[in-house]
Amino acid sequence: MSVVERHQGSPTATEDRGSRAVPEGQQRGSDQTEQSITAKKPSMSPSEPTESGSSRTPIPKSAKSQVPPPPAAAAAAAAGTGATNITLAPDPSPPTARIRIADRIGDLFAAPPNSVLIHACNTVGSWGGGIALAFRSRYPDAFKVYRAHCARSIPDQLVGTALLIRPPAAATAGGATGGSRGMGHYIGCLFTSRGYGRSRDPPESILGATGPAMRHLMRLIAEEEERTGAQIGEVRMCRINSGLFAVPWDRTKRVVEELELAEGEVPGNAEGGVVEIVAWERE
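When we follow our numbering, the leftmost residue of the sequence shown carries the number 1049, and every step to the right adds one.
Spelled out as structure tokens, the structure:
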């Protein structure tokens, strides 16, 4: 199994912006090849003085979503493992789309091929309970990619980011053709809490990480479509954060629907400036 990662960031400074580079996809081995696409979370600019002498923290622009990758990623790139550091130029474009959530009752996993299934994750590599355990049993290859990603990353730097995991055999243009147990589903992981159980983050922290993580995932989906020619179908998720993270669903839903997606963060299935995500609840 090989893993292809994509990191957003600058090699010199947190807010340094360079030109946009498009990494090449890689395909190795058998039909069980699994690939992930990642990038780092937004970072705030230093505090700026006000006229009264106090300081305030400026609100980051929506396009400023890059920080340097962790040392492990840079080392992997140097070793030729397929991890590539890229720098994205600031995007001055105004918001171009919003997310609309449609609530449904039924089976989240009964999705057509090339769908993206989203769930909220901790940063310590555990899918041990709740809906995460269901993901682990259905997508064992995706779990291995997620766990390895957590193992080589710094937990605090993962919060507020996302991981998009391709199905096995999805390395060629046109998108997924296989997937764990033949499902052909992409798995979208939103890192909204460092720990789980009694070690989970408080609700306000989880909600604060949910928005940046979702925007990051939308960008990863858009980049996957542009880079590989994949045609992503439905975007589905469970009622994220509302299970073992114990955050009321209506609060998470409000955070997601208030997001404004900039150019480069809009998947190809958006219609009329709206990206529809269907949130499924079991009967």
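The C-beta atom is built at its ideal place from N, Cα and C for all residues, glycine as well. Owing to the predicted nature of the structure, the values given are computational and were not obtained by experimental measurement.
- Residue MET1266 holds the alpha-carbon nearest to the alpha-carbon of GLY1316 among PRO1160, ARG1148, MET1266.
- With fewer than 16 neighbouring CB atoms inside 10 Å of its own CB, SER1247 falls in the exposed class.
- Where ILE1202 is concerned, there is no enclosing beta strand (DSSP E), because DSSP gives it neither an H nor an E.
- Here the alpha carbon of LYS1301 sits roughly 14 Å from the alpha carbon of VAL1323.
- In the three-state reduction of the DSSP assignment, GLY1256 falls in the helix class, which pools H, G and I.
- ARG1330 counts as exposed, since fewer than 16 other beta carbons sit within 10 angstroms of its beta carbon.
- Membership of THR1240 in the beta strand (DSSP E) is indicated by the continuous run 1234 to 1241.
- For GLU1272, the number of other beta carbons within 10 angstroms of its own is at least 16, and it is reported as buried.
- C-alpha of PHE1183 to C-alpha of ALA1257: approximately 21 Å in a straight line.
- Sorting GLY1281, ARG1186, LEU1238, TYR1187 by C-alpha distance to the C-alpha of VAL1172 places LEU1238 at the top.
- For ARG1284, the enclosing beta strand (DSSP E) starts and ends at 1283 to 1286.
- Cβ contact annotation for VAL1326 (same chain, cutoff 6 Å, sequence separation greater than five): ALA1150, ARG1152, ARG1284, in chain order.
- Residue pairing of GLU1313 in beta bridges, as defined by DSSP: absent, with no partner found.
- Around ALA1145, the same chain offers LEU1309, VAL1314, ALA1318, GLY1321, VAL1322, VAL1323 as residues with beta carbons nearer than 7 Å, after the five sequence neighbours per side are excluded.
- Under the three-state reduction of DSSP output, LEU1307 falls in the coil class, being neither helix nor strand.
- Taking every protein chain shown into account, the CB of ASP1189 has 16 or more other CB atoms within 10 angstroms, so this residue is buried.
- In this structure, the straight-line span from the alpha carbon of ARG1195 to that of SER1253 is close to 22 Å.
- Secondary-structure assignment with DSSP links ARG1148 through a beta bridge to GLU1324.
- Per DSSP, the unbroken beta strand (DSSP E) holding LEU1211 starts and ends at 1210 to 1213.
- Between GLY1232 and ASN1162, the CB-CB gap stays under 8 Å.
- DSSP, read as helix, strand or coil, puts ILE1179 in helix.
- Linking HIS1167 to ALA1217 through their CA atoms gives a straight-line distance of about 22 Å.
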